[in-house]
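In the numbering used here, the protein residues as written are 14 to 485.
Beta carbons: idealized from backbone N, C-alpha and C, even for Gly.
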RNA sequence: GUCCCCAUCGUCUAGAGGCCCAGGACACUACCCUUUCACGGUAGGUACCGGGGUUCGAAUCCCCGUGGGGACGCCA
């Protein structure tokens, strides 16, 4: 049974790179009818916060990436880590080191100055025939893992292929701090082992940790899982993702009006491919997903493409669902969402034209507020030529059947009788009724509003234009 | 500095020795559609980092170089 996990540390929100890692891990488990676990790596008490835990959980939920087991918290497994450390100490695969952080800094500086890789020199590492100095009184030791000195650690990375690291490159890493708290690389090993993780799918930045973790796993006699290291996601500008790059948290995509299925589809396609397929459902993704088609190189985020996908999914989304997603956005703006026209009717007419939910809200808003079209738009469209035909349209409006086809017929008839082209009347109507020059078919927009509102907005606009003409 | 990873259109990618004088998508340009703007449709331009090998044949395999990234914590 395949078991994968997503193991974020709760020091911030769920960012887009983490979301992709989670997605791939989740999909791999789904694809193989396995289990997907969520583990919160909160051993850094200083930087971990409950808010961050909530943010991560919230992000996962928004994306719909449900875990089968967990969330497990490392802070709740301390007893287990301590027991394993004791066991390793007893077995000789770990030892106490009394070197102070200051001494360590000195050593590293010297090594760096000499052009060498900074690393622990093994001075407290027990060796046959080696006499260790007596432990300094009153100094609490850290526990270090006794890393093998010879040979290589190698694994066949499911994304990058075979990777080999000489043990000579590795030093004896600290697995427990002076205060007894276990460190990251150690907790990961114990957790992956205890939780029966078969496939570790994680970010590229962990490649360097892998040989160390494999060595610990082997010292413990644990089975080594398979590893798949995903390359990182770069910002739109090709730079490393950071707070400066706008939307970094997945929840910011929600705020910006993206649909989760669009973000998911985009992320799925970023660094993974299935031939020429671009648009596919989550379910389809789960059926197709495999590690063989993951790109080994870093991928640059492309907002244009995400926007395209979002617009696509907006067109496909159910009207009722979209209306309920738009409603809170309108309410947040203080717009009193009325019942005529209904939000669903507006969304149904407009969803094909919106790039995101906020744009949809922009379009819907004009139907519920006290509208004041911009003066320059009025001046541009309520021309001397347009006013008479507008007048006739207003006069005949009370008689027309209140549905788009009949209204469209009336518009055409008015325009024809005045020897004008369609836009001459359509544009003033758009501007007067919505304050915008771009709308769907104008007869449909007219039909959406109550007859009284249309009459009021048109008459007010016409009268204002007439008096402006009169005074000038 | 040392170690590790990566390298096809502007971007995401297809490609696992001949199907590729390199395909798709986003973006871009033009045209069509049109009641405005989108949508949609059609067409177009743009790429195998460089150099050596291996081979009858290389975008695909090997080596070197160059460029980019990551790691070197009592952070995760």
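Give me the residue from 63, 277, 305, 311 with the minimum Cα distance to residue 295. Its Cα nearest to that of residue 295, the residue 277 stands out among 63, 277, 305, 311.
Residues that residue 242 bridges to, as DSSP identifies them: Listed as beta-bridge partners of residue 242 by DSSP are 215.
Residue range of the unbroken beta strand (DSSP E) whose run includes residue 17: Per DSSP, residue 17 belongs to the beta strand (DSSP E) from 16-19.
Reference residue 36; option with closest CA among 226, 386, 282: When each option's Cα is compared against that of residue 36, the closest is 282.
Using 8 Å for Cβ pairs, my map puts residue 231 next to residue 201. What's the rounded Cβ distance? Not quite, the Cβ-Cβ distance comes to about 15 Å (not below 8 Å), so this is no contact.
Can you list, in chain order, the residues of its chain with a C-beta nearer than 6 Å to that of residue 101? Leave out the 5 residues immediately preceding and following it. Cβ neighbours of residue 101 beyond the five flanking positions: 107.
For residue 83, the first and last residue of its enclosing alpha helix (DSSP H): Here residue 83 belongs to no alpha helix (DSSP H); instead the beta strand (DSSP E) covers 82-86.
Whole-Å CB distance - residue 400 paired with residue 475, under 8 Å assumed: Distance from residue 400 to residue 475 at the Cβ level is roughly 7 Å; contact confirmed, criterion being Cβ atoms closer than 8 Å.
Could you tell me the distance, in whole angstroms, from the CA atom of residue 148 to the CA atom of residue 184? Cα-Cα distance, rounded: 21 Å.
Report the CB separation of residue 210 from residue 18 in whole angstroms; it is logged as a contact under 8 Å. Going by Cβ atoms, the distance from residue 210 to residue 18 rounds to 5 Å, so yes, they are a contact pair.
Label residue 253 either buried or exposed according to how many other C-beta atoms from any shown protein chain fall within 10 Å of its C-beta, with 16 as the threshold for buried. Its Cβ having fewer than 16 others within 10 Å, residue 253 is exposed.
Could you name the residues of the same chain whose beta carbon sits closer than 8 Å to that of residue 340, not counting the 5 residues immediately before and after it, in chain order? Annotation for residue 340: 350, 356 place their beta carbon closer than 8 Å to its own, counting only its chain and skipping 5 residues before and after.
Relative to the alpha-carbon of residue 13, which residue among 440, 205, 319, 479 has its alpha-carbon at the smallest distance? Since the first residue of the chain shown is 14 and the last is 485, residue 13 is not available in this structure.
Rounded to whole angstroms, what's the CA-CA distance from residue 214 to residue 41? Just pull it up for me. Each residue's Cα considered, the two are about 9 Å apart.
Just to confirm, is the Cβ distance from residue 374 to residue 343 under 7 Å? Taking a C-beta distance under 7 Å as the contact criterion, residue 374 and residue 343 qualify as a contact pair.
Option in 228, 111, 319 with minimal Cα separation from residue 152: Checked all of 228, 111, 319; the closest Cα to residue 152 is 111.
Specify, as a first and last residue, the run of the alpha helix (DSSP H) that residue 375 falls within. Counting along the chain, the alpha helix (DSSP H) containing residue 375 begins and ends at 370-378.
Do you know how far the Cα of residue 318 is from the Cα of residue 118? If I take the Cα positions, the gap works out to 47 Å.
Ignoring anything shorter than 4 residues or poking outside the region 406-470, list the alpha helix (DSSP H) runs there in chain order. Taking only runs of at least 4 residues, the alpha helix (DSSP H) segments lying wholly in the region 406-470 are 417-430, 435-447, 455-461.
Which same chain residues, not among the five before or five after residue 247, have their C-beta less than 8 Å away from its C-beta? Only 253, 254, 311, 312, 313, 314 meet the Cβ criterion.
Tell me the rounded alpha-carbon separation between residue 414 and residue 445. Within the model, the alpha-carbon separation for residue 414 versus residue 445 is close to 21 Å.
Where residue 175 sits in the DSSP three-state scheme: Three-state DSSP puts residue 175 in a strand.
Applying the 10 Å Cβ sphere with the 16-neighbour rule, what's the burial state of residue 306? Looking at its Cβ environment, which holds fewer than 16 other Cβ atoms inside 10 Å, residue 306 is exposed.
Quick one: what's residue 313 bridged to in DSSP? Residue 313 is bridged by DSSP to 247.
Any contact between the region 14-28 and the region 59-66? By contact I mean 3 or more CB pairs, one from each, below 8 Å. The answer is yes - the region 59-66 touches the region 14-28, with three or more Cβ pairs under 8 Å.
Would you mind giving the Cβ-Cβ distance between residue 197 and residue 291, rounded to the nearest angstrom? I have them listed as a contact below 8 Å. Between residue 291 and residue 197 the Cβ distance is about 38 Å, and since that is not below 8 Å, they are no contact.
Where does residue 195 fall in DSSP's three states? Residue 195: strand per DSSP, three-state reduction.
Distance, residue 370 Cα to residue 287 Cα: Rounded to whole angstroms, residue 287 and residue 370 show a C-alpha spacing of 29 Å.
Starting from residue 51 and walking both ways along the beta strand (DSSP E), at which residues does that stretch end? Note, residue 51: beta strand (DSSP E), 48-53.
Nonlocal neighbours in the same chain, by C-beta distance under 7 Å from residue 6, ignoring five residues either side: Outside the shown range of the chain (14 to 485) lies residue 6, about which nothing can therefore be said.
Just to confirm, are residue 165 and residue 179 a CB contact at a threshold of 7 Å? Residue 179 sits close to residue 165, with the two beta carbons spaced by under 7 Å.
Cβ-Cβ separation, residue 262 to residue 431 (assumed contact under 8 Å), whole Å: The Cβ separation is near 55 Å, so there is no contact.
Select from 249, 242, 372 the residue whose C-alpha is nearest the C-alpha of residue 308. Ranking 249, 242, 372 by Cα distance to residue 308 puts 242 first.
In whole angstroms, what separates the C-alpha of residue 122 from that of residue 131? Residue 122 and residue 131 have their C-alpha atoms spaced approximately 8 Å apart.
Alpha carbon to alpha carbon, how far is residue 207 from residue 136? Give it in angstroms, no decimals. Put simply, the backbone Cα of residue 136 is about 32 Å away from that of residue 207.
For a quick check, are the C-beta atoms of residue 359 and residue 377 less than 7 Å apart? Yes. Within cutoff.
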